[in-house]
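Input: a single structure, listed below in structure tokens.
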Amino acid sequence: MPALLVYPQTTPLRGRVSIPGDKSISHRAIMLGSIAQGTSHIRRWLPAGDTLATLRAMQSLGVLIHLHETEPTAWELTIEGQGMALAGAEGNEEELSPLVINAQNSKLETRNSKLNLRHAGTGIRLLAGLMAGQKFPSVLDGSEQLRRRPMGRIVTPLRQMGANITATDGRAPLFIEPAPLHGIELFMQIASAQVKSAVLLAGLYAEGETIIHEAGPSRDHTERLLAAMGADVQTHGRTVILRPGSPLQAVDLTVPADISSAAFLLVAAACLPHSHLTLNHIGLNPTRTGLLDILGQMGAHIQGENPHLTGGEPVSDLTIRFNELHSTTIAGETVVRAIDEMPIWAVATSQAAGISTVREAGELRVKEVDRIAVLAGELRKMGVNISEQADGFTVTGPTRLNGAEVDSHDDHRLGMSLAIAALLADTPTHIHQAGCIADSFPGFVETMQQVGAKMTWLN
Ligand code: S3P
């Protein structure tokens with residue numbers, strides 16, 4: 013896997029750029045478009061490692077998906093929805109490297125669809141809910157990294173719904189056999205959109221209503237897209253109620269740019285003197301904007317312009333100007349609303365005056381890697397004063413960072429966080445295993461170069 017060489021940034025970052033589409037929404041658009049009635053059109057869909065794994069899985073289940081590579085990092089898709097009952101096919105166990113649209117692949121009869129979701133946690137967990145409702149068996153699996161992540165959190169509620177699903181020591185591969193499903197009332201113990209969404213997707217196939225009481229404000233893209241497609245889904249405070257029976261209608265959707273990808277440019281501009289960036293069409297779903305609130309508390313200047321809605325999601329252009337940052341403490345709901353931004357926030361805190369702490373963020377330990385331990389270990393190599401707690405970390409700043417040999421540990425958000433830290437260092441940094449950045453942000457390096465950063469791939 014290629015390494016990334018990043019040079020110290022001696023000039024401000026400037027310009028207006030587009031960021032690739034939202035990963036969470038891109039996964040959901042593929043899955044829900046596949047089981048809708050009619051043809052869905054998805055614009056600015058994200059062709060990243062994770063979302064392509066979901067796309068290939070749905071193609072291999074017989075769903076016809078036409079790809080128009082309008083821009084390298086923003087595709088247009090046409091999905092021929094099959095309705096709720098998928099045909100099932102041979103699965104994509106082998107790497108299907110060239111994406112093939114194969115009309116004959118449609119409606120294949122199969123006994124056992126084996127699906128490879130690679131690194132995609134959202135892909136495997138949401139698809140488990142969807143496959144639990146199908147009339148054919150399936151096996152859901154992924155990379156070694158995905159096989160280390162906990163699956164009990166979806167297996168337990170899906171079993172309560174009647175699903176015949178078995179994990180392997182609480183992890184992937186997941187084995188699913190057809191079984192009749194019924195609605196449940198679920199009191200969630202962790203704030204997880206993946207668990208909530210798996211249960212909602214299974215709920216579409218269940219007899220009776222499904223009621224979910226959330227533990228925290230996890231992202232609600234599934235609810236919004238389901239509602240936009242005609243499902244009977246209602247949210248009252250922290251409770252989501254789904255009544256099955258209304259068939260999903262095809263959707264015409266422009267995917268907002270991913271705020272979790274925009275976060276890397278926002279933090280870079282917040283930390284590099286005289287920087288001034290505008291990022292186009294950023295999704296500002298309130299369940300995702302924790303980092304904007306946190307950076308605001310720390311003194312960053314961020315402004316939204318041109319607000320509008322797409323597919324039930326609020327979107328705005330965001331402008332950020334450099335300003336001195338000061339420390340802050342975060343916990344609770346703010347953490348849930350910024351869970352994927354904690355690694356890049358750690359980089360911001362290294363430049364902020366004072367002691368910054370995050371607590372109640374134990375979920376970071378079960379992401380692509382243990383994002384508390386690995387982040388602390390790699391950032392320390394660059395001179396960051398960071399200490400670990402069981403459920404968070406503490407950073408004392410500001411610190412002048414040093415260049416180093418660091419490693420992403422095959423975690424895309426850690427790779428990009430290290431790249432932004434490297435811009436703040438006084439000597440060049442090598443980031444090993446950086447190819448994984450394309451799991452969520454294809455074109456990251458080109459986008460950074462466009463705003464004046466100096467970084468280059470090494471083979
Ligand atoms: C996601 C939910 C979050 C998030 C992940 C994407 C989603 O995970 O960290 O990157 O698309 O539903 P959890 O549901 O485990 O909190």
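Following this note's numbering, the numbering of the sequence shown begins with 13 at its first residue and continues without gaps. Just so it is clear, CB atoms sit at the ideal spot from N, CA and C, and this is done for glycine as well. All figures in this text were calculated on a predicted structure; none of them were measured in a lab.
Practice task
Evaluate contact between the stretch 410-430 and the stretch 375-390, counting only Cβ atoms and requiring at least three cross-stretch pairs below 8 Å.
Solution key: The stretch 410-430 is in contact with the stretch 375-390.
Exercise for the section: Could you name the residues of the same chain whose beta carbon sits closer than 7 Å to that of A191, not counting the 5 residues immediately before and after it, in chain order? Expected result: The answer, listed in chain order, is G174, A175, N176.
Problem - N- and C-terminal bounds of the beta strand (DSSP E) containing H80 - result: Taken as a continuous stretch (DSSP letters only), the beta strand (DSSP E) holding H80 covers 76-83.
Handout entry: Secondary structure of A364, DSSP reduced to three states
Key = Here A364 sits in coil by DSSP.
Exercise for the section: Return the chain-ordered ranges of every beta strand (DSSP E) run that is complete within the stretch 301-336 and spans a minimum of 3 residues. Expected result: Counting whole runs of 3 or more residues, the stretch 301-336 contains the beta strand (DSSP E) stretches 313-322, 325-333.
Problem - Nearest to R371 (by Cα), restricted to the options I223, P20, G415, A343 - result: Taking only the C-alpha atoms, the option nearest R371 is A343.
Practice task
Please determine, among D422, R28, E81, the residue with the shortest C-alpha to C-alpha distance to H444.
Solution key: Per the Cα distances, D422.
Problem - Residue nearest to F187 in terms of C-alpha spacing, selected from L304, L139, E81 - result: Checked all of L304, L139, E81; the closest Cα to F187 is L139.
Exercise for the section: Round the Cβ separation of T411 and S362 to the nearest angstrom and send it over; I've been treating them as touching at under 8 Å. Expected result: The Cβ separation is near 5 Å, so the contact holds.
Exercise for the section: Ignore the nearest five residues each way along the sequence and tell me which others in L237's own chain have a CB closer than 6 Å to its CB. Expected result: Excluding sequence neighbours, L237 sits near R40, L44.
Handout entry: Same chain, Cβ closer than 8 Å to P440, five either side skipped, listed in chain order
Key = Excluding sequence positions up to five before and after P440, its CB lies within less than 8 Å of the CB of L17, V18, Y19, P20, G415, A434, all in the same chain and listed in chain order.
Problem - Check: V207 C-beta below 8 Å from any heavy atom of the ligand ATP - result: Ligands displayed in this structure: the ligand S3P; the ligand ATP is not among them.
Problem - Nearest neighbour of L158, chosen from L98, L79, H131 [CA to CA] - result: Cα-wise, what sits closest to L158 is H131.
Practice task
Report the option in A269, T51, I91 whose CA atom is closest to the CA atom of I42.
Solution key: With distances taken between Cα atoms, I42 lies closest to I91.
Handout entry: Exposed unless 16 or more other CB atoms sit within 10 angstroms - verdict on Q146
Key = Buried.
Problem - Three or more C-beta pairs below 8 Å linking the stretch 328-335 and the stretch 310-318 - result: Between the stretch 328-335 and the stretch 310-318, the count of Cβ pairs shorter than 8 Å is three or higher; the stretches touch.
Practice task
May I ask you to verify whether the stretch 52-61 touches the stretch 279-291, counting CB pairs closer than 8 Å and requiring at least 3?
Solution key: Counting C-beta pairs closer than 8 Å gives fewer than three between the stretch 52-61 and the stretch 279-291, which falls short of the contact rule.
Exercise for the section: Consult DSSP for G427 and reduce its assignment to one of helix, strand or coil. Expected result: In the three-state DSSP reduction, G427 falls in the helix class (H, G or I).
Practice task
Can you tell me which of Y217, G308, H248 puts its alpha carbon nearest to the alpha carbon of E226?
Solution key: Per the Cα distances, H248.
Handout entry: Simplified DSSP assignment, three categories, for D451
Key = Here D451 carries a helix assignment [DSSP, helix/strand/coil].
Practice task
Pull up the distance between the alpha-carbon of L142 and that of C283, whole angstroms please.
Solution key: One C-alpha to the other measures close to 42 Å.
Problem - Euclidean distance between Cα positions of Q206 and P268 - result: Rounded to the nearest angstrom, the two C-alpha atoms are 19 Å apart.
Exercise for the section: Just the C-alpha distance for G164 and S204, rounded to the nearest angstrom, thanks. Expected result: Near 13 Å, if we compare the C-alpha coordinates of S204 and G164.
Problem - Proximity below 9 Å, CB of L296 to CB of L278 - result: Between L296 and L278, the C-beta gap is not smaller than 9 Å, which leaves the two residues out of contact.
Problem - Residue burial classification, Q94 (beta-carbon count within 10 angstroms, cutoff 16) - result: Within a 10 Å sphere around the beta-carbon of Q94 sit 16 or more other beta-carbons, which makes this residue buried.
Exercise for the section: Output the distance between the C-alpha atoms of T322 and T369, rounded to the nearest integer angstrom. Expected result: Rounded to the nearest angstrom, the two C-alpha atoms are 35 Å apart.
Exercise for the section: Flag this pair as touching only if the stretch 396-405 and the stretch 451-461 have three or more C-beta atom pairs under 8 Å; answer yes or no. Expected result: No: the two stretches stay apart, fewer than three of their Cβ pairs being nearer than 8 Å.
Problem - Near the ligand S3P: G133 beta-carbon under 8 Å from a heavy atom - result: Between the ligand S3P and the CB of G133, the shortest heavy atom gap is smaller than 8 Å.
Exercise for the section: Can you tell me which of E375, I367, E417 puts its alpha carbon nearest to the alpha carbon of L391? Expected result: Among E375, I367, E417, the Cα nearest to that of L391 belongs to E417.
Exercise for the section: Quickly, what does DSSP pair Q94 with across the bridge? List them, please. Expected result: According to the DSSP secondary-structure assignment, Q94 is paired through a beta bridge with Q49.
Practice task
Answer yes or no: the CB of H233 versus the heavy atoms of the ligand S3P, is any distance below 8 Å?
Solution key: Checking every heavy atom of the ligand S3P against the Cβ of H233, one is found closer than 8 Å.
Practice task
Give me the Cβ distance between P162 and G182, rounded to the nearest whole Å; I'm assuming they're in contact under 8 Å.
Solution key: Going by Cβ atoms, the distance from P162 to G182 rounds to 6 Å, so yes, they are a contact pair.
Exercise for the section: Using only alpha-carbon positions, find the residue among A179, H338, I224 that is nearest to H195. Expected result: At residue 195 the sequence reads Gly, which differs from the His that was named. Cα-wise, what sits closest to G195 is I224.
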